[in-house]
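Numbering (our numbering), first residue to last: 16 to 907. Backbone N, C-alpha and C fix where the C-beta goes; we use that ideal spot for every residue, glycine too. Everything below concerns the one structure shown next.
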């Protein structure tokens, strides 16, 4: 078959430019399209095009607006110097230059690429996943040219050796967990029906930097995460890829796996049955676009049609056979017109060794609907079917990574009034979400639909011609309106209860206040009463944060710090309803006996001097503190000094305890724990060292830290609320310590391991030992983990404290995970067993000489849960035994 000249060639430089957002990133050398929607801040670059722009380009997507998924910096490679090696269980290992690869027999084929996270933001609005917010634009189609993997392995490498089961692919990008790699089964890679391609051209030109230059893997019908960019090595092996990303990306775990720690702990990541390969069936509505309006004031407009259209795709070379639209929430369906451009002659496979019709690409659907039918239409849904009679589910199926969301796509239809004079009646179309980190946008957002309302308002009085239709529609909406609103805002609804008829227990606030001890702990949340006594020891945040609210209404505090899942868990401890008073029983009504219990005083958990009447902190009461001084310690670290009460008032914070700060931002309350660096006898003020997590600096958290950015924006005189102290471990001076569990003792040496802001309680204890240096002979060693040298918190202050104690009593070891600066004399990588063994109890090694020597040491840990649970605790157990960890290791 002669090669067909496709009319698809890109001008790869069209509409692209250097973006100021890339100026201070490793990608500053790359030009990009300004209309691409960035999903993870400035860096790494992850984007999708606006859907109207994407669809306006038709079947083939220009490379400049093709969606991009980057896990880190784009490697700067050259055509002349790059090589592709093929090794492992092949009869002949080879290394190919790009010119050599381009001279081999090639094929050209259109393929649709889809990120497995396409439409993920819908899942995130339902419940947050660990993935960022893809909209429906993580799909694009290009024409790819390259060499079939089958030809490389069977012809160039002379076939495979016995035992070959997997073909592993590795890129050239340098990422925190190694290079990005994956593997395919030999059967998939060699099957001539699968068209697995090593591509070096996209839309008639060499690959661009963001799309894998100079060479990448293309696997038609499979998720984009398998299509390795910057390909440098192919290895045929008996086992699957050993790349970290092969196991920790592109998985659909069961919905019971609620967080990454659970997935790691229970080894869900390594189970091959949850690996994603083939795409699932999916479709989306693209027109009418989000926020678009359709004027209907003119009666003639009701006689017109509106075209509803969008895309659909599938995996496994299964053809989309029909796409249906419903205007009545699934009671009836309309069949749309369907178009498969890849069936057109100009898009047939070039140089096809196995001629057939393939279905590796998206298709387009459209349907015309009379505008009048939308007057009684609350929403529009779409679903697709394939040749196996498989279709999309009605509801989304949440999973930890937010992958493969393919529920019915729903566009809400509203009546509204448009125009500055409020005179034009319109239908307004609202999509589920808008892509990216913004919290607003779409009907799934609890904060509104994200549509500009300056000239568009919700209609209150319809035009006479539409009154009948609107009344019918509003009647149908009334039944569901409350439920939809509450689901969107993720709130628990407190229903009015006829307590006498229902037989529920009723309590007044005064009655609940009598249950305010560790042995009898009740709380009020959203008008309901809960007995949390049994939950104290199970609470992940420790019992103190619950006890401090015992006997009180903690609705605001609870909602500010807990997830929707935590609110659901409260139901287990429900004991009754909160009422203003309990009336005397009327005739014929039996009074219900309510067990009250004797009031028990809150046990003293505070050591001197914080137990004195002059202490400022109160564990049961929020109090205001005012910012009086702010010092910039580093580019992202601030020292904040807050004044309270009277100048001679004591702080009242035991060494090792922390406080809660509460702020209000965008009508939401947030509560976070911080450890002041001030000592217990500090008078008149407290000092906080705060690391600011700015937006657009970490792709995992593109919005940054809400509370830390709020604190950074405070000006002198601004106030925030504080409550405390909270904490389980207390250092009482001169080596004496105690724990809320009842453990106490005296140590001769403290080994500290911390990461990032976990330094603050360690520094507080170091300060206390230094201040009492003449009486307190306790030795201290500190292992301090950070990503980069710039991230090291309070470096000078820690070194000064160490110098004050002297080299015989203080040992410091830094560990940097992301860099090794020139002249760096400390450790790199991650804190591990070897580092702990060598540095935990000093530079001369940490193996105790005897059991008695070991019992005189304690270890304090503060840092990210993975560091503590997956590294420190296992290493300490292996080095010193379980008994030591159970009795001498304490976590903040």
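Consult DSSP for residue 905 and reduce its assignment to one of helix, strand or coil.
As a first step, residue 905 is located in the chain shown; it is residue number 890 there, counting from the start. Strand.
Roughly how many angstroms lie between the CA atoms of residue 671 and residue 759, to the nearest whole one?
Working through the chain shown from its first residue, we reach residue 671 at position 656. Working through the chain shown from its first residue, we reach residue 759 at position 744. So the alpha carbons of these two residues sit roughly 14 Å apart.
Under the rule that 16 or more other beta-carbon atoms within 10 Å means buried, what is residue 30, buried or exposed?
The residue you call residue 30 lines up with position 15 of the chain shown. Its Cβ having fewer than 16 others within 10 Å, residue 30 is exposed.
Please state whether DSSP places residue 217 in a helix, a strand or coil.
Residue mapping note: residue 217 aligns to position 202 of the chain shown, counting from 1. If DSSP states are grouped into helix, strand and coil, residue 217 belongs with the strands.
Would you mind reading off the limits of the alpha helix (DSSP H) that contains residue 373?
One-based indexing of the chain shown puts residue 373 at position 358. Counting along the chain, residue 373 sits inside no alpha helix (DSSP H), nor does DSSP assign it H or E at all.
Considering only the beta carbon of each residue, do residue 422 and residue 125 sit closer than 7 Å?
Here residue 422 refers to the residue found at position 407 when the chain shown is read from its first residue. Here residue 125 refers to the residue found at position 110 when the chain shown is read from its first residue. No, Cβ-Cβ distance for residue 422 and residue 125 is not below 7 Å.
Does the separation of the CB atoms of residue 740 and residue 632 fall below 7 Å?
Taking the first residue of the chain shown as 1, we reach residue 740 at position 725. Taking the first residue of the chain shown as 1, we reach residue 632 at position 617. Yes; because the gap between Cβ atoms is below 7 Å, this pair is in contact.
Comparing C-alpha positions only, which one of 106, 829 and 531 sits nearest to residue 175?
Your numbering for residue 175 matches position 160 in the chain shown. Among 106, 829 and 531, the Cα nearest to that of residue 175 is on 106.
Taking DSSP's pairing of strands, which residues face residue 532 in a bridge?
Position 517 of the chain shown holds residue 532. Answer is 535.
So, helix, strand or coil for residue 706, using DSSP?
Counting from 1 along the chain shown, the entry for residue 706 is found at position 691. Strand at residue 706.
Let me make sure I understand the geometry here. Which of 809, 810, 857 and 803 has the alpha-carbon closest to that of residue 795?
By one-based count along the chain shown, residue 795 stands at place 780. Checked all of 809, 810, 857 and 803; the closest Cα to residue 795 is 857.
Provide the residue span of the alpha helix (DSSP H) that contains residue 163, from first to last.
Counted from its first residue, the chain shown places residue 163 at position 148. Per DSSP, residue 163 belongs to no alpha helix (DSSP H); it is in the beta strand (DSSP E), 154 to 163.
DSSP three-state label for residue 747, please.
In the chain shown, residue 747 corresponds to position 732, counting from 1. DSSP, reduced to helix, strand and coil, places residue 747 within a strand of the structure shown.
Three or more C-beta pairs closer than 8 Å, one from the region 753 to 771 and one from the region 796 to 812: is that the case here?
Put simply, the region 753 to 771 touches the region 796 to 812. At least three CB pairs are less than 8 Å apart.
Return the CA-CA distance between residue 486 and residue 547, expressed in angstroms with no decimal places.
Walking along the chain shown from the start, residue 486 turns up at place 471. Walking along the chain shown from the start, residue 547 turns up at place 532. At residue 486 the pLDDT is 39, less than 50, meaning the model places this residue with poor confidence and gives no usable figure here.
Just to confirm, is the Cβ distance from residue 180 to residue 201 under 7 Å?
Within the chain shown, the letter at position 165 stands for residue 180. Within the chain shown, the letter at position 186 stands for residue 201. Contact: yes.
Would you say residue 722 and residue 687 are within 7 Å of each other, going by their C-beta atoms?
For the purposes of this step, residue 722 is identified with residue 707 of the chain shown, where counting begins at 1. For the purposes of this step, residue 687 is identified with residue 672 of the chain shown, where counting begins at 1. Yes. Within cutoff.
Using a Cβ-Cβ cut-off of 6 Å (strictly less than) and excluding sequence neighbours within five positions of residue 292, which residues of its own chain qualify?
By one-based count along the chain shown, residue 292 stands at place 277. If we look at residue 292 and ignore the five residues flanking it on each side, its Cβ neighbours are 237.
On the DSSP letters alone, give me the boundaries of the alpha helix (DSSP H) that residue 63 sits inside.
As a position in the chain shown, residue 63 is number 48, starting the count at 1. Run containing residue 63: none in the alpha helix (DSSP H); it sits in the beta strand (DSSP E), 61 to 63.
Taking the alpha carbon of residue 79 as the point to measure from, which residue in 155, 95, 166 and 119 has its own alpha carbon closest?
Counted from its first residue, the chain shown places residue 79 at position 64. Taking each of 155, 95, 166 and 119 in turn and checking the Cα distance to residue 79, the smallest one comes out for 155.
Taking the alpha helix (DSSP H) that residue 71 falls in, what are its first and last residues?
As a working mapping, residue 71 is identified with position 56 in the chain shown. 66 to 71 is the extent of the alpha helix (DSSP H) around residue 71.
Who are residue 764's beta bridge partners in DSSP?
Here residue 764 is taken as the residue at index 749 of the chain shown, counted from 1. BP columns for residue 764 point to 794 and 872.
What number of angstroms, rounded off, separates the C-alpha of residue 908 from the C-alpha of residue 100?
The question about residue 908 has no answer, for the chain in this structure spans 16 to 907.
One question on the structure: do residue 351 and residue 311 come within less than 7 Å of each other, judged by their Cβ atoms?
Counting from one through the chain shown, the residue named residue 351 turns up at place 336. Counting from one through the chain shown, the residue named residue 311 turns up at place 296. No, they are not a contact pair.
Does DSSP classify residue 138 as helix, strand or coil?
As a working note, residue 138 is residue 123 in the chain shown. The answer is helix: DSSP assigns residue 138 an H, G or I state.
Since I believe residue 245 is in contact with residue 90 (beta carbons under 8 Å), could you give me their beta-carbon distance rounded to a whole number of angstroms?
Position 75 of the chain shown, counting from 1, holds the residue named residue 90. Position 230 of the chain shown, counting from 1, holds the residue named residue 245. About 5 Å separates the two Cβ atoms, so the contact holds.
If you draw a straight line from the alpha carbon of residue 839 to that of residue 55, how long is it in whole angstroms?
By one-based count along the chain shown, residue 839 stands at place 824. By one-based count along the chain shown, residue 55 stands at place 40. Roughly 31 Å between the two C-alpha positions.
Assuming residue 810 is part of the alpha helix (DSSP H), what are its boundary residues?
Position 795 of the chain shown, counted from the first residue, corresponds to residue 810. Where residue 810 is concerned, the enclosing alpha helix (DSSP H) stretches over 810 to 820.
With a cut-off of 8 Å on the beta carbons, I'd call residue 876 and residue 904 a contact; round off their distance for me.
As a first step, residue 876 must be located in the chain shown, where it is residue number 861. As a first step, residue 904 must be located in the chain shown, where it is residue number 889. Residue 876 to residue 904, Cβ: 7 Å. Contact.
Check whether the region 60 to 67 and the region 203 to 216 are in contact - that is, three or more C-beta pairs closer than 8 Å.
no
Pair every Cβ in the region 378 to 392 with every Cβ in the region 140 to 147, then say whether three or more of these pairs are closer than 8 Å.
no
From the DSSP output, in three-state form, read off residue 828 for me.
Numbered from its first residue, the chain shown carries residue 828 at position 813. In the structure shown, residue 828 sits in a strand (DSSP, three-state: E or B).
Can you have a look at residue 357 and say buried or exposed, based on whether 16 or more other CB atoms are within 10 angstroms of its CB?
Locating residue 357 in the chain shown gives position 342, counting from the first residue. Per the 10 Å Cβ criterion, buried.
Between the Cα of residue 756 and those of 736, 255, 906 and 199, spot the shortest distance and give me the residue it belongs to.
Taking the first residue of the chain shown as 1, we reach residue 756 at position 741. Taking only the C-alpha atoms, the option nearest residue 756 is 906.
Considering only C-alpha positions, which residue in the set 841, 731 and 894 is nearest to residue 848?
Taking the chain shown and counting its residues from 1, one reaches residue 848 at position 833. Nearest of 841, 731 and 894 to residue 848, Cα basis: 894.
Candidates 682, 747, 113 and 81: which alpha carbon is nearest residue 53's?
Within the chain shown, residue 53 is the residue found at index 38, counting from 1. Selected option, being the one with the closest Cα: 81.
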